[in-house]
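K.L.:
The numbering used here puts the first residue of the sequence shown at 9, with every later residue one more than the last.
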Amino acid sequence: MKEFAYHRATQVSEALQLTAQGDDVRFLGGGTNLVDLMKNGVESPSRLVDIRFLPLAGISETEHGALLLGATTTNSDIAAHPNVRRRYPALSQAILAGASGQLRNMATAGGNLLQRTRCAYFADPTEPCNKRAPGSGCPALAGAHHNHAILDWSESCVATHPSDMAVALAAFDAEVRYETLDGSGYLPLTHLYRPVGVTPHEETALPEHALITGIALPSVATSLRSSYRKVRERASYAFASVSVAAALDMRAGQIHDVRIALGGVAARPWRAGVAEDLLRGAIATPERFRSAAATELSAARPLRDNAYKVVLAQNLIEVVLTELAAAGQP
Ligand code: SF4
Numbered sequence: 009m010k011e012f013a014y015h016r017a018t019q020v021s022e023a024l025q026l027t028a029q030g031d032d033v034r035f036l037g038g039g040t041n042l043v044d045l046m047k048n049g050v051e052s053p054s055r056l057v058d059i060r061f062l063p064l065a066g067i068s069e070t071e072h073g074a075l076l077l078g079a080t081t082t083n084s085d086i087a088a089h090p091n092v093r094r095r096y097p098a099l100s101q102a103i104l105a106g107a108s109g110q111l112r113n114m115a116t117a118g119g120n121l122l123q124r125t126r127c128a129y130f131a132d133p134t135e136p137c138n139k140r141a142p143g144s145g146c147p148a149l150a151g152a153h154h155n156h157a158i159l160d161w162s163e164s165c166v167a168t169h170p171s172d173m174a175v176a177l178a179a180f181d182a183e184v185r186y187e188t189l190d191g192s193g194y195l196p197l198t199h200l201y202r203p204v205g206v207t208p209h210e211e212t213a214l215p216e217h218a219l220i221t222g223i224a225l226p227s228v229a230t231s232l233r234s235s236y237r238k239v240r241e242r243a244s245y246a247f248a249s250v251s252v253a254a255a256l257d258m259r260a261g262q263i264h265d266v267r268i269a270l271g272g273v274a275a276r277p278w279r280a281g282v283a284e285d286l287l288r289g290a291i292a293t294p295e296r297f298r299s300a301a302a303t304e305l306s307a308a309r310p311l312r313d314n315a316y317k318v319v320l321a322q323n324l325i326e327v328v329l330t331e332l333a334a335a336g337q338p
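#1: Give the secondary structure of Glu135 by DSSP, where H, G and I count as helix, E and B as strand, and everything else as coil.
#2: Please find out if some non-hydrogen atom of ligand 1 comes closer than 7 Å to the beta-carbon of Asn120.
#3: So what's Arg112 in DSSP terms, helix, strand or just coil?
#4: Is there at least one non-hydrogen atom of ligand 1 closer than 7 Å to the beta-carbon of Pro133?
#5: Are at least three pairs of beta-carbons, each pair with one atom in the segment 186 to 194 and one in the segment 156 to 170, less than 8 Å apart?
#6: Please report the residue range of the beta strand (DSSP E) in which Met258 lies.
#7: If we count the other Cβ atoms within 10 Å of its Cβ and call it buried at 16 or more, is Asn48 buried or exposed?
#8: Pick helix, strand or coil for Val57, following the three-state DSSP scheme.
#9: What does DSSP give as the partner residues of Trp278 in its beta bridges?
#10: By alpha-carbon positions, which one of Cys127, Gly281, Leu200 and Ala179 ends up nearest to Cys165?
#11: Helix, strand or coil for Phe35? Go by DSSP, reduced to three states.
#12: At 4 residues or longer, and completely inside the segment 292 to 338: list those alpha helix (DSSP H) runs for me, N to C.
#13: Going by the CB atoms, is the gap between Val252 and Ile325 shorter than 8 Å?
#14: Using the C-alpha atoms, what's the distance from Ala176 back to Asn106?
#15: Hey, out of Ser192, Arg233, Glu331 and Ala167, whose CA is closest to Thr207's CA?
#16: On the DSSP bridge assignment, give the partners of Leu1 in chain order.
#17: In whole angstroms, what separates the C-alpha of Pro310 from that of Leu286?
#18: Starting from Ile86, trace the alpha helix (DSSP H) both ways and give me its first and last residue.
#19: Comparing alpha-carbon positions, which option in His15, Gly289, Met9 and Leu64 lies nearest Thr221?
#20: On the DSSP bridge list, what partners appear for Ile67?
#21: In terms of alpha-carbon separation, which member of Met114, Ile268, Arg233 and Tyr129 lies closest to Gly38?
#22: Pick out whichever of His154, Gly78, Leu75 and Thr70 has its Cα sitting closest to the Cα of Val273.
#23: What does DSSP give as the partner residue(s) for Thr188 in the beta ladder?
#24: Is Glu183 helix, strand or coil by DSSP?
#25: So, at 7 Å on beta carbons, what are the nonlocal neighbours of Ser244 in its own chain, with the 5 sequence-adjacent residues on each side left out?
#26: Taking the alpha-carbon of Ile103 as reference, which of Pro203, Leu219, Val228 and Pro170 has the nearest alpha-carbon?
#27: Are the Cβ atoms of Leu197 and Glu216 separated by less than 8 Å?
#28: Applying the 10 Å Cβ sphere with the 16-neighbour rule, what's the burial state of Asn91?
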């Protein structure tokens with residue numbers, strides 16, 4: 009591993025100033041992804057700015073009923089929080105479906121959103137990879153891509169985003185809050201990740217050197233039920249082949265509100281807006297759920313070895329919404 013400087017920041021302004029001093033300076037949260045990438049040479053920062061001692065940990069509620077997750081709150085603390093479990097169960101389930109207990113105890117909310125793809129070519133510096141070395145090519149297109157994207161990919165990159173938590177946050181219309189030396193701002197979670205295009209190395213829409221300070225979860229109706237379901241290649245400690253975060257609010261036998269987000273299918277959490285539009289106001293039936301899911305997935309462009317994800321995503325949407333509808337009946 010290349011030598012690097014280490015700074016422990018105690019104020020947000022200090023962390024921002026330290027990070028603005030070079031393009032190869034990185035924030036260090038739990039380190040559960042970054043340190044691995046440093047060990048295998050994918051990342052080689054000259055300086056790490058440790059942000060775990062900033063006053064950014066904790067979960068609070070605003071006067072409007074939104075829940076604020078501090079950026080350095082651990083994944084374990086978010087998953088276990090009573091308000092998260094009661095109001096946003098899909099978020100708690102998504103976090104618990106990811107990684108191991110030890111990793112969740114270290115990993116932070118902000119770091120979870122900014123973790124890098126687990127494409128094997130990206131993690132191997134001896135291979136070309138447009139995301140790691142722009143312009144070098146994408147061997148996954150013709151190579152091992154059975155776990156890669158089916159939606160919204162480009163000839164430059166077909167990687168997926170690995171976060172489970174981000175999928176649930178997308179379904180709940182979460183906002184990402186950040187600070188820079190020029191001030192603060194926010195992005196809807198669904199706008200945090202850039203379209204892949206020809207610049208897959210430019211992954212987020214955050215301003216340069218921005219620090220994520222928190223995530224805001226808007227208030228939801230008490231009648232909104234939600235669930236997260238993840239299909240993976242082994243029973244634990246694996247990234248999603250396909251996952252779905254879904255929420256359903258049934259009123260007088262009709263779908264009043266529905267949220268669907270997919271993981272494992274694109275370079276960002278995929279909010280299934282087409283299916284949601286078809287379902288809002290409709291009577292809930294498995295046939296309707298199946299039809300809406302099929303319409304949403306008609307945009308998929310599977311690669312040679314991952315067409316199974318199209319069927320998997322359709323089935324997951326139908327099953328999870330059918331279960332939520334049954335649970336919401338009086
Ligand atoms: Fe790199 Fe993306 Fe291609 Fe994987 S899919 S090799 S991350 S460019």
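Using N, Cα and C, we set each Cβ at its ideal position, and we do this for glycine too.
P.N.:
Short version:
#1: When DSSP states are grouped into helix, strand and coil, Glu135 belongs to the coil group.
#2: no
#3: Collapsing the DSSP output to three states places Arg112 in a helix.
#4: no
#5: Contact between the segment 186 to 194 and the segment 156 to 170 is absent, because fewer than three Cβ pairs lie under 8 Å.
#6: Val250 to Arg259
#7: It is exposed - the Cβ of Asn48 has fewer than 16 other Cβ atoms within 10 Å.
#8: In this structure, Val57 counts as strand in the three-state DSSP scheme.
#9: Leu270
#10: Cys127
#11: Looking at Phe35 - three-state DSSP - the assignment turns out to be strand.
#12: 294 to 305 and 316 to 335
#13: yes
#14: It should be pointed out that residue 106 corresponds to Gly in this sequence rather than to Asn. Their backbone Cα atoms lie some 12 Å apart in a straight line.
#15: Ala167
#16: Here the chain covers residues 9 to 338 and nothing more, so residue 1 does not appear.
#17: Just so you know, the alpha carbons of Pro310 and Leu286 end up roughly 23 Å apart.
#18: Segment Asn83 to Ala88, the alpha helix (DSSP H) holding Ile86.
#19: A check of alpha carbon separations from Thr221 across His15, Gly289, Met9 and Leu64 identifies Leu64 as the nearest.
#20: Leu77
#21: Nearest Cα to Gly38 within the set Met114, Ile268, Arg233 and Tyr129: Met114.
#22: Nearest of His154, Gly78, Leu75 and Thr70 to Val273, Cα basis: His154.
#23: Gly191
#24: Strand at Glu183.
#25: none
#26: Pro170
#27: Contact flag unset, no.
#28: exposed
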